[in-house]
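Q:
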Amino acid sequence: MKYRIFLFLYIAFFIIPAGYAKDSSFANILHEMEHAGFTIRHHKEGASDKTIVLIEDAHTNYPAQKELARIIEQLTAATTIQVIAVEGSEGEILTHFFASFPIEKTRRHLADNLLKNGFISGEEYLSISSGAPLRIVGVDDRVLYKQNIEHFRDFYHARPQAHPLISQIQNGLFKAKVTAYDSILFKFDTACLSFKDGSVDLTHFLEVCEHLVPDADKLFFDFPLLNDVRIIAQQHTAFNFDTLYAQAAQAAKLIIQNGTPEQANTAREALLKNMAGKTTHSSFYRQLIVQAENNPAIDISGLNELQRYVALSEELSQIDHSVLQDEIDGFVEVCYQRLLSTAEEKELHALSSNFETLNQLYSLSLIRSDYLSMQQSTQIAEFVESFIAGYNTAAPASRISPDNTAFLAKILANNLAFYQTAVQRDTVIFENTLSLMEQQQCTATVLIAGGFHKDHIIASCAEQEIGCIVISPATAGEQDFNQYASVVLRNDRFIQPPQPDKTQGNYLRASSFFAQSSFDSAQHITAFRNNFIFEAVLDSIDTIGAGEIHSIIKAWRSGFIKALAQH
């Protein structure tokens, strides 16, 4: 069973991106973006002069898309990047018509409404709201994308029947554990589930392990990276955060009083952004300490706690997340083996681990490495039949019928095909991005794609010695799955939203309505324009007279022609 963790989920103030070299052409802007609260997941230079900046996309997630727009705005303003490549579409994506609308307030309101409803993405929002159209190009493959859409459609339509079966199995396993597990094993298993779903952080989880598992304190030494993180986390809990913030305010004051006007303005701006919640405490503290330490006129003796906190943050930023994840998985499994005693307990634990795999495939929440492992070693029909046979033995009171077993096997086979197609799209997206860079004669571009594609992009860049940067929005709100699905599948039910479903997932990016070579039918494009665009424009315009409408249309036409000429 995988217990995936991301460091920002268990130490709220330690939201620190992975470390990266500071000597590249992108180093300065990335350093500034880090201080602004953006998350740099990966940065590796290549021997070639090319660089791909991958922004991990949180599809139709309003806060994340707003942050994605800010990332692009900062990158295009501070680097030579002028072309945005995107997953989910093919060819030029032209937002010029609405970006040229002459009333800024209306244009911004229109863009915001479309973004909230999931009909545009962050780069289109930026292009329209700013009034300065971006060059956006789809690099996906029409045939493969439509195959992925059909797999997702089958998954979506199967959920009303499949979800109760998954819940039935989950509840049946829980009841079987209540009966079969001894009290200590049951408490440990419950703690593992709480850690996995994020309701318990790593520090508290490891404390539970020490309390329940024999010699767990000695076991930590077999997992050195996990032990290092445990020690850092323990040191973190000892900080008085009121003291830290007081020292941060003192550092800002000292910089403002003793620094250059530029340094003073930077410190003042950092303080205001942090107070407004636009930056993390860690990045704010680090920015202040770096400035204070580099100014001989500042006495930093009173900032000792802040310095220690920043040093711990830097130490944490160097941790290899994939290695840490492997160590956590290994640690948890060793703990289980120390607590499992009877044959029944061991069989039930194995069933639970297989259910975790089954559930991740069912919910389309597999990470890439798990998919590749499953794809190489698993026959889905046999896997499901074997699992259900064991489950029916362990939980006879909530048996799964043969018909339902066959249904689950069918939907899981469909979901595996979804991933197989997504892997095929990986290669196309990367190759089309390189072709776009050659056509545009540019050495750097932004690529917006879902996190599933990240590992392939990183590996392909490394193989071809291309620089690669991965940036993730740190802000993401709740996502209504039905709203997302209705946008991606172009389902009319979205017009009257169904009951909210807060299922989290990162499936497919919706294709763009603005693409020249659209993946949508003429009917869908017309409905989008009629039902959402023009009504949104009209709703956004304040009460105006006929003469003013004539002036607006004239200015809009002129601006549109000018935008197309510049394109």
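Note that my numbering has the sequence shown beginning at 1434, numbered continuously upward.
Glycine included, each C-beta is placed from N, C-alpha and C at the ideal position.
Given a threshold of 16 other Cβ atoms within 10 Å of its Cβ, counted over all protein chains shown, does residue 1773 qualify as buried or as exposed?
A: Here residue 1773 refers to the residue found at position 340 of the sequence shown. Buried.
Q: Based on Cα-Cα distance, which residue from 1905, 1900, 1945, 1903 lies nearest to residue 1922?
A: On the sequence shown, position 489 is the one that residue 1922 refers to. Of 1905, 1900, 1945, 1903, the residue nearest in Cα terms is 1945.
Q: For residue 1409, count neighbouring C-beta atoms within 10 Å of its own C-beta (all shown protein chains included) and say buried if the count is 16 or more, exposed if not.
A: No answer is possible for residue 1409: it lies beyond the span of the chain, which begins at 1434 and ends at 2000.
Q: So what does DSSP say about residue 1765, is it helix, strand or coil?
A: Residue mapping note: residue 1765 aligns to position 332 of the sequence shown, counting from 1. Reduced to three states, the DSSP call for residue 1765 is helix.
Q: Buried or exposed: residue 1482, going by 16 or more other Cβ atoms within 10 Å of its Cβ?
A: Here residue 1482 refers to the residue found at position 49 when the sequence shown is read from its first residue. Label assigned to residue 1482: exposed.
Q: Reducing DSSP to helix, strand and coil, say where residue 1937 ends up.
A: As a first step, residue 1937 must be located in the sequence shown, where it is residue number 504. With a pLDDT of 49 at residue 1937, under the threshold of 50, the modelled position of that residue is not reliable, and the figure given next carries that caveat. In the structure shown, residue 1937 sits in coil (DSSP, three-state: anything other than H, G, I, E or B).
Q: Could you check which residue in 1713, 1568, 1477, 1658 has the C-alpha nearest to that of residue 1392?
A: An answer regarding residue 1392 cannot be provided, because it is not within the stretch 1434 to 2000 covered by the chain.
Q: Measure the C-alpha to C-alpha separation of residue 1676 and residue 1633 and round it to an integer number of angstroms.
A: The residue given as residue 1676 occupies position 243 in the sequence shown. The residue given as residue 1633 occupies position 200 in the sequence shown. Using only the alpha carbons, I get a separation of about 26 Å.
Q: To the nearest whole angstrom, what separates the beta carbons of residue 1571 and residue 1532, a pair I think is in contact under 8 Å?
A: As a first step, residue 1571 must be located in the sequence shown, where it is residue number 138. As a first step, residue 1532 must be located in the sequence shown, where it is residue number 99. Contact flag wrong, Cβ pair sits at about 17 Å.
Q: When you compare only the Cα positions, how much space is there between residue 1781 and residue 1611?
A: Taking the first residue of the sequence shown as position 1, residue 1781 is located at position 348. Taking the first residue of the sequence shown as position 1, residue 1611 is located at position 178. Near 11 Å, if we compare the C-alpha coordinates of residue 1611 and residue 1781.
Q: Taking the beta carbon of residue 1865 as the centre, do at least 16 other beta carbons fall within 10 Å, making it buried, or is it exposed?
A: The residue you call residue 1865 lines up with position 432 of the sequence shown. So residue 1865 ends up on the buried side.
Q: Helix, strand or coil, according to DSSP, for residue 1568 in the structure here?
A: Taking the first residue of the sequence shown as position 1, residue 1568 is located at position 135. Here residue 1568 sits in strand by DSSP.
Q: List the endpoints of the continuous beta strand (DSSP E) containing residue 1693.
A: The residue labelled residue 1693 in the question sits at position 260 within the sequence shown. Counting along the chain, residue 1693 falls outside any beta strand (DSSP E), and DSSP gives it neither H nor E.
Q: Would the segment 1833-1847 count as touching the segment 1870-1877 if we require 3 or more Cβ pairs under 8 Å?
A: No, the segment 1833-1847 is not in contact with the segment 1870-1877.
Q: Taking only runs of the alpha helix (DSSP H) that begin and end inside the segment 1726-1801, which ones reach a length of at least 4 residues, in chain order?
A: If we require 4 residues or more, the alpha helix (DSSP H) runs fully inside the segment 1726-1801 come out as 1737-1750, 1754-1772, 1776-1795.
Q: Taking the straight line between their C-alpha atoms, what separation do you get for residue 1662 and residue 1749?
A: Taking the sequence shown and counting its residues from 1, one reaches residue 1662 at position 229. Taking the sequence shown and counting its residues from 1, one reaches residue 1749 at position 316. The alpha-carbon atoms of residue 1662 and residue 1749 are separated by roughly 7 Å.
Q: Counting only the same chain and skipping the five closest in sequence on each side, list residues whose C-beta sits under 7 Å from that of residue 1616.
A: Looking up residue 1616 in the sequence shown gives position 183. Result list for residue 1616: empty, nothing under 7 Å.
Q: Would you call the segment 1889-1902 and the segment 1547-1562 in contact, with 3 or more CB pairs under 8 Å?
A: No: fewer than three Cβ pairs fall under 8 Å.
Q: Cα-Cα, which of 1842, 1858, 1659 is closest to residue 1520?
A: Here residue 1520 refers to the residue found at position 87 of the sequence shown. Of the candidates 1842, 1858, 1659, the one whose C-alpha sits nearest the C-alpha of residue 1520 is 1858.
Q: If you measure from the CB of residue 1705, is any heavy atom of the ligand GTP nearer than 7 Å?
A: Questions concerning the ligand GTP fall outside what the structure shown contains, since it holds no ligand whatsoever.
Q: Which residue wins for smallest C-alpha separation from residue 1641, given the options 1631, 1949, 1497, 1624?
A: Here the question's residue 1641 lines up with position 208 in the sequence shown. Here the closest residue by C-alpha is 1624.
Q: Please report the residue range of the alpha helix (DSSP H) in which residue 1625 lies.
A: For this step, residue 1625 is matched to residue 192 along the sequence shown. Unbroken alpha helix (DSSP H) run through residue 1625: 1616-1629.
Q: Using alpha carbons as the reference points, say which of 1805, 1577, 1941 lies closest to residue 1790.
A: Stepping through the sequence shown from its first residue, residue 1790 is reached at position 357. The residue with the shortest Cα to Cα distance from residue 1790 is 1805.
Q: Please look up how many angstroms separate the CB atoms of residue 1833 and residue 1602, rounded, as I've assumed it's under 8 Å.
A: Within the sequence shown, residue 1833 is the residue found at index 400, counting from 1. Within the sequence shown, residue 1602 is the residue found at index 169, counting from 1. About 7 Å; that satisfies the 8 Å criterion.
Q: Name the one or two DSSP bridge partners that residue 1489 has.
A: Here residue 1489 refers to the residue found at position 56 of the sequence shown. DSSP, once it has assigned bridges, lists 1882 as partnering residue 1489.
Q: For residue 1478, which of 1459, 1490, 1493 has the nearest alpha-carbon?
A: Here residue 1478 is taken as the residue at index 45 of the sequence shown, counted from 1. Residue 1459 is the option with its Cα nearest to residue 1478.
Q: Looking at residue 1736: is its Cβ nearer than 8 Å to the Cβ of residue 1940?
A: As a first step, residue 1736 is located in the sequence shown; it is residue number 303 there, counting from the start. As a first step, residue 1940 is located in the sequence shown; it is residue number 507 there, counting from the start. Their beta carbons are not under 8 Å apart, which means residue 1736 does not touch residue 1940 by this criterion.
Q: Express the C-alpha separation of residue 1557 and residue 1536 in angstroms, rounding to a whole number.
A: Here residue 1536 refers to the residue found at position 103 when the sequence shown is read from its first residue. Here residue 1557 refers to the residue found at position 124 when the sequence shown is read from its first residue. Cα-Cα distance, rounded: 17 Å.
Q: Closest to residue 1887 by CA distance: which of 1723, 1656, 1904, 1756 is it?
A: For the purposes of this step, residue 1887 is taken as residue 454 along the sequence shown, with counting starting at 1. Nearest option by C-alpha distance: 1904.
Q: Whose C-beta lies closer than 6 Å to the C-beta of residue 1484 among residues of the same chain, with five residues either side of it excluded?
A: The residue given as residue 1484 occupies position 51 in the sequence shown. Once the five neighbours on either side are set aside, the close Cβ partners of residue 1484 are 1877, 1900.
Q: Mark residue 1765 as exposed unless 16 or more other C-beta atoms lie within 10 angstroms of its C-beta, in which case mark it buried.
A: Taking the sequence shown and counting its residues from 1, the one referred to as residue 1765 is at position 332. Residue 1765 comes out buried.
Q: Identify which residue in 1757, 1862, 1959, 1906 has its Cα closest to the Cα of residue 1894.
A: The residue given as residue 1894 occupies position 461 in the sequence shown. It is 1862.
Q: How about residue 1658 and residue 1723: are their beta carbons less than 8 Å apart?
A: To locate residue 1658, count along the sequence shown from 1; it is residue 225. To locate residue 1723, count along the sequence shown from 1; it is residue 290. Not in contact: residue 1658 and residue 1723 (Cβ atoms no closer than 8 Å).
Q: Helix, strand or coil for residue 1676 per DSSP?
A: The residue given as residue 1676 occupies position 243 in the sequence shown. Helix at residue 1676.
Q: The beta strand (DSSP E) spanning residue 1474 covers which residue range?
A: By 1-based counting over the sequence shown, the position of residue 1474 is 41. Note, residue 1474: beta strand (DSSP E), 1472-1477.
Q: On the DSSP bridge list, what partners appear for residue 1877?
A: Taking the first residue of the sequence shown as position 1, residue 1877 is located at position 444. In the DSSP output, where bridge partners are listed per residue, residue 1877 has 1484.
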